[in-house]
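Visitor:
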Amino acid sequence: MARLILHLSLGVTLFFLQILLLPLHQTRLELLNLLVFYEAIHPFLFSAVFLAVLLGLVVDCYANGPLGLYTGLYLLVVILARVFKRHLNLQAIIPQILAVALTLVIQGGLELGILSLLEPSGVFHFQAVRLNLEKAGVTALLAPPSFLLLYWLDKTAGRYFFDPHSASTELDDLD
Amino acid sequence: MHLWRRFRVPIVFTILFLLIFIFITSSLRYPHPLRPLQTIVISLTAPILKYLTILGRSVERAWQGYFYLVGVQQENQELKQRLQEIAGKEIQYQEARLAQERLEQLLDLKTQLAQPVTGARVIAYDPSFWFKCAIIDRGEAEGVKWGMPVLSGTGIVGRIIESYPHYAKVMFLIDRNSAVDAMIQRNRMRGILEGKGGNLCYLRYIPKNADVQPDDLILASGLGGIYPRGMALGKVTKIDKKKAGIFQEIEVTPMVDFANLEEVLVVTAVTPRLQK
């Protein structure tokens, strides 16, 4: 529970960071997606789902899109992260980057697809695809250091606030 | 029980996605039934954002002020202490002067409009990738309602699309869902200015034989019933007549710098269109 609260607080902080510090017209880093992905590759599926739903809901409330869109997209990250966890060795850096990049590309593609269905004018054009790939690439490259940072944070916080054995953060504990 | 244990994860995800599907379809109607939920989330998080924004801007300005004075400090060590005192005052003075300039601009606009307006601060931008909107610190309690136009000293910002008790959501001109009845100032040719995302708009439905030049000013025609007639929207930056079809493709850069928007005016006059 303490771990979930820690990650939720971190998620809200990242959300504030994402909407306050990253300027409007620059490439957006999907920091929240990284956090949800990290949570999803750990054994606690419930906390990953809870985090995805809650953060998705907050993003949905601030975004000018249909309510539920980002909640769904964050849940998709949880599912894809679990799938990649089974098929790739996420201990290594390259598979980590690859898994995050693929997850974000699939998520972005689905987002574009849904928005194209909802909007008569459509957003599915070359520029949108390019931006999506750019966003996925930049975020994926940041995945290994971010995961290391999160791992260190969990380990440090685990010493003081929760039992590190019951809430193991070792990547090799994964099923 | 055995089946539940085996399939609980797919079942939970299926239920969640079904719920999300219901959320999305119901939120496409206006006013959507989940609006109270949205109001609660915004009301809980927006005050934090408001104070973080104020803090962030103060730190940014203090930092910029410091850089401005570094050279002077190195030149004259004896006056370092004195300069630091002045630096503090300088930052305050510059802050006050810039604020005064912005507010004077807004005041001029208020006089020109001759309509009731309310000033607001932008406290947060849209976190999503595809939409372009912002949250301002004025809401229903201050008379801000759906559809009201939002202006800045340099031109039209957008319009209110959601109003909460003390906050409101503004859709920018550059949002893909934004469409404004516009005209070219030089030849009064009318078209629809649509948001393109990425700080740009398109002026649509202008025939290929129409005379459009780069830097032509685009104004609101007032025919949409929302934006005041003659307010600046943007400038033509690119014209493409080579594409197939009867219309030319005109790229417009808005007058407003959406990334650095701080204070805005909301025109609170209720027009017949808004009453509908």
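Residue numbers (this note's numbering), protein chains in the order written: chain A, 15 to 189; chain B, 830 to 1105.
Where is the CB? At the ideal position from N, CA and C, for every residue including glycine.
Determine the DSSP secondary structure at residue 1082 of chain B, reduced to helix, strand or coil.
Guide: As a working mapping, residue 1082 of chain B is identified with position 253 in the second sequence. Correct three-state label for residue 1082 of chain B: strand.
Visitor: At which residues does the alpha helix (DSSP H) containing residue 85 of chain A begin and terminate?
Guide: As a working note, residue 85 of chain A is residue 71 in the first sequence. Residues 83-101.
Visitor: Go through its chain and collect everything with a Cβ distance to residue 175 of chain A's Cβ below 6 Å, but skip five positions before and after it.
Guide: In the first sequence, residue 175 of chain A corresponds to position 161, counting from 1. So the qualifying residues of the chain are 16.
Visitor: Could you work out which residue in B:1053, B:1020, B:1029, B:1043 is closest to residue 781 of chain B when comparing CA atoms only?
Guide: This structure gives no information on residue 781 of chain B, because the portion of chain B shown stretches from 830 to 1105.
Visitor: Please report whether the beta-carbon of residue 1066 of chain B lies at a distance below 8 Å from any beta-carbon of chain A.
Guide: For this step, residue 1066 of chain B is matched to residue 237 along the second sequence. It does not: the Cβ of residue 1066 of chain B has no partner Cβ on chain A nearer than 8 Å.
Visitor: Within the 8 Å Cβ cut-off, does residue 85 of chain A reach chain B?
Guide: Position 71 of the first sequence, counted from the first residue, corresponds to residue 85 of chain A. By this cut-off, residue 85 of chain A is an interface position.
Visitor: Using the C-alpha atoms, what's the distance from residue 27 of chain A back to residue 131 of chain A?
Guide: Along the first sequence, read from residue 1 onward, the residue named residue 131 of chain A stands at position 117. Along the first sequence, read from residue 1 onward, the residue named residue 27 of chain A stands at position 13. Whole-angstrom Cα-Cα distance: 32 Å.
Visitor: Beta carbon of residue 1083 of chain B, beta carbon of residue 1051 of chain B: below 8 Å?
Guide: Position 254 of the second sequence holds residue 1083 of chain B. Position 222 of the second sequence holds residue 1051 of chain B. For residue 1083 of chain B and residue 1051 of chain B, no; Cβs fall outside 8 Å.
Visitor: Since residue 887 of chain B and residue 994 of chain B are thought to touch, with beta carbons under 8 Å apart, how far apart are those beta carbons, to the nearest angstrom?
Guide: By 1-based counting over the second sequence, the position of residue 887 of chain B is 58. By 1-based counting over the second sequence, the position of residue 994 of chain B is 165. Not quite, the Cβ-Cβ distance comes to about 27 Å (not below 8 Å), so this is no contact.
Visitor: Are residue 1048 of chain B and residue 1060 of chain B touching if we call contact CB-CB under 8 Å?
Guide: Along the second sequence, one-based indexing puts residue 1048 of chain B at 219. Along the second sequence, one-based indexing puts residue 1060 of chain B at 231. Their beta carbons are under 8 Å apart, which means residue 1048 of chain B touches residue 1060 of chain B by this criterion.
Visitor: Applying the criterion that 16 or more other CB atoms from any shown protein chain within 10 Å of the CB defines a buried residue, is residue 38 of chain A buried or exposed?
Guide: Looking up residue 38 of chain A in the first sequence gives position 24. Note that residue 38 of chain A has pLDDT 49, beneath the 50 cutoff, so the model's placement of it is unreliable and the number below is only indicative. Buried is the call here.
Visitor: Can you give the Cα-Cα distance for residue 966 of chain B and residue 55 of chain A, rounded to whole angstroms?
Guide: Counted from its first residue, the second sequence places residue 966 of chain B at position 137. Counted from its first residue, the first sequence places residue 55 of chain A at position 41. The alpha-carbon atoms of residue 966 of chain B and residue 55 of chain A are separated by roughly 39 Å.
Visitor: Check whether the region 43-62 of chain A touches the region 846-854 of chain B, taking contact to mean three or more Cβ pairs, one atom from each stretch, closer than 8 Å.
Guide: Counting Cβ pairs under 8 Å, fewer than three are found: no touch.
Visitor: Hey, out of A:75, A:77, A:153, whose CA is closest to residue 118 of chain A's CA?
Guide: Sequence index remark: in the first sequence, residue 118 of chain A carries index 104 (1-based). Residue 118 of chain A has its Cα closest to that of A:153, out of A:75, A:77, A:153.
Visitor: Give me the Cα-Cα distance between residue 78 of chain A and residue 172 of chain A, rounded to the nearest whole angstrom.
Guide: Counted from its first residue, the first sequence places residue 78 of chain A at position 64. Counted from its first residue, the first sequence places residue 172 of chain A at position 158. Taking the straight line joining both Cα atoms gives about 38 Å.
Visitor: Is it buried or exposed, residue 889 of chain B, if we count other Cβ atoms within 10 angstroms and call 16 or more buried?
Guide: For the purposes of this step, residue 889 of chain B is identified with residue 60 of the second sequence, where counting begins at 1. Residue 889 of chain B comes out exposed.
Visitor: Would residue 79 of chain A count as contacting chain B if we go by Cβ distances under 8 Å?
Guide: For the purposes of this step, residue 79 of chain A is taken as the residue at position 65 of the first sequence. It does; some Cβ of chain B falls within 8 Å.
Visitor: Given a cut-off of 8 Å, decide if residue 1010 of chain B and residue 961 of chain B are closer than it, judged by their beta-carbon atoms.
Guide: By one-based count along the second sequence, residue 961 of chain B stands at place 132. By one-based count along the second sequence, residue 1010 of chain B stands at place 181. No.
Visitor: Which residues of chain B have a Cβ atom closer than 7 Å to the Cβ of residue 72 of chain A, listed in chain order?
Guide: Locating residue 72 of chain A in the first sequence gives position 58, counting from the first residue. Within chain B, the residues near residue 72 of chain A are 870, 874.
Visitor: For residue 43 of chain A and residue 1094 of chain B, I'd like the C-alpha separation in whole angstroms.
Guide: For the purposes of this step, residue 43 of chain A is identified with residue 29 of the first sequence, where counting begins at 1. For the purposes of this step, residue 1094 of chain B is identified with residue 265 of the second sequence, where counting begins at 1. Their backbone Cα atoms lie some 31 Å apart in a straight line.
Visitor: Our contact map puts residue 51 of chain A next to residue 91 of chain A with C-beta atoms below 8 Å; I'd like the distance itself, whole angstroms only.
Guide: Translated into the one-based positions of the first sequence, residue 51 of chain A becomes position 37. Translated into the one-based positions of the first sequence, residue 91 of chain A becomes position 77. Confirmed, about 6 Å.
Visitor: Short of 8 Å Cβ to Cβ, which residues in the region 879-898 of chain B face chain A?
Guide: Within the region 879-898 of chain B, the residues whose Cβ lies closer than 8 Å to some Cβ of chain A are 881, 882, 885, listed in chain order.
Visitor: Between residue 32 of chain A and chain B, is the shortest Cβ-Cβ distance under 8 Å, so that the two count as touching?
Guide: As a first step, residue 32 of chain A is located in the first sequence; it is residue number 18 there, counting from the start. Judged by the 8 Å Cβ criterion, residue 32 of chain A is in contact with chain B.
Visitor: Would you say residue 953 of chain B reaches chain A, if we count a Cβ-Cβ gap shorter than 8 Å as a contact?
Guide: By one-based count along the second sequence, residue 953 of chain B stands at place 124. Yes, because at least one Cβ of chain A sits closer than 8 Å to the Cβ of residue 953 of chain B.
Visitor: List the residues that DSSP assigns as beta-bridge partners of residue 1023 of chain B.
Guide: Residue 1023 of chain B sits at position 194 when you count from the first residue of the second sequence. In the DSSP output, where bridge partners are listed per residue, residue 1023 of chain B has B:1008, B:1031.
Visitor: With 8 Å as the threshold, decide whether the Cβ of residue 1076 of chain B is near any Cβ in chain A.
Guide: By one-based count along the second sequence, residue 1076 of chain B stands at place 247. No, no contact with chain A.
Visitor: Whole angstroms is fine: what's the gap from residue 944 of chain B's alpha carbon to residue 1015 of chain B's?
Guide: On the second sequence, residue 944 of chain B is found 115 positions in, with the first residue counted as 1. On the second sequence, residue 1015 of chain B is found 186 positions in, with the first residue counted as 1. If I take the Cα positions, the gap works out to 26 Å.
Visitor: Can you give the Cα-Cα distance for residue 98 of chain A and residue 947 of chain B, rounded to whole angstroms?
Guide: Counting from one through the first sequence, the residue named residue 98 of chain A turns up at place 84. Counting from one through the second sequence, the residue named residue 947 of chain B turns up at place 118. So the two alpha carbons sit approximately 52 Å from each other.
Visitor: Can you check whether the CB of residue 934 of chain B is closer than 8 Å to the CB of residue 982 of chain B?
Guide: Your numbering for residue 982 of chain B matches position 153 in the second sequence. Your numbering for residue 934 of chain B matches position 105 in the second sequence. Yes; because the gap between Cβ atoms is below 8 Å, this pair is in contact.
Visitor: Quick one: measure Cβ to Cβ for residue 976 of chain B and residue 1055 of chain B, integer angstroms, because I've assumed they're closer than 8 Å.
Guide: Translated into the one-based positions of the second sequence, residue 976 of chain B becomes position 147. Translated into the one-based positions of the second sequence, residue 1055 of chain B becomes position 226. With a Cβ gap of about 6 Å, residue 976 of chain B and residue 1055 of chain B count as contacting.
Visitor: Within the 8 Å Cβ cut-off, does residue 188 of chain A reach chain B?
Guide: As a working note, residue 188 of chain A is residue 174 in the first sequence. Confidence at residue 188 of chain A is low in this model, with a pLDDT of 39, below 50, so the placement of that residue should be treated as unreliable; the coordinate-derived value is given next. It does not; no Cβ of chain B falls within 8 Å.
Visitor: Would you identify the three-state DSSP class for residue 1044 of chain B, choosing helix, strand or coil?
Guide: Here residue 1044 of chain B is taken as the residue at index 215 of the second sequence, counted from 1. Looking at residue 1044 of chain B - three-state DSSP - the assignment turns out to be coil, as it is neither helix nor strand.
Visitor: Could you list which residues in chain B have their beta carbon closer than 7 Å to that of residue 104 of chain A, in chain order?
Guide: The sequence position of residue 104 of chain A within the first sequence is 90, counting from 1. Those do not exist, as residue 104 of chain A stays about 19 Å from chain B at its closest Cβ, beyond 7 Å.
Visitor: Does DSSP put residue 1098 of chain B in a helix, in a strand, or in coil?
Guide: Counting from 1 along the second sequence, the entry for residue 1098 of chain B is found at position 269. Looking at residue 1098 of chain B - three-state DSSP - the assignment turns out to be coil, as it is neither helix nor strand.
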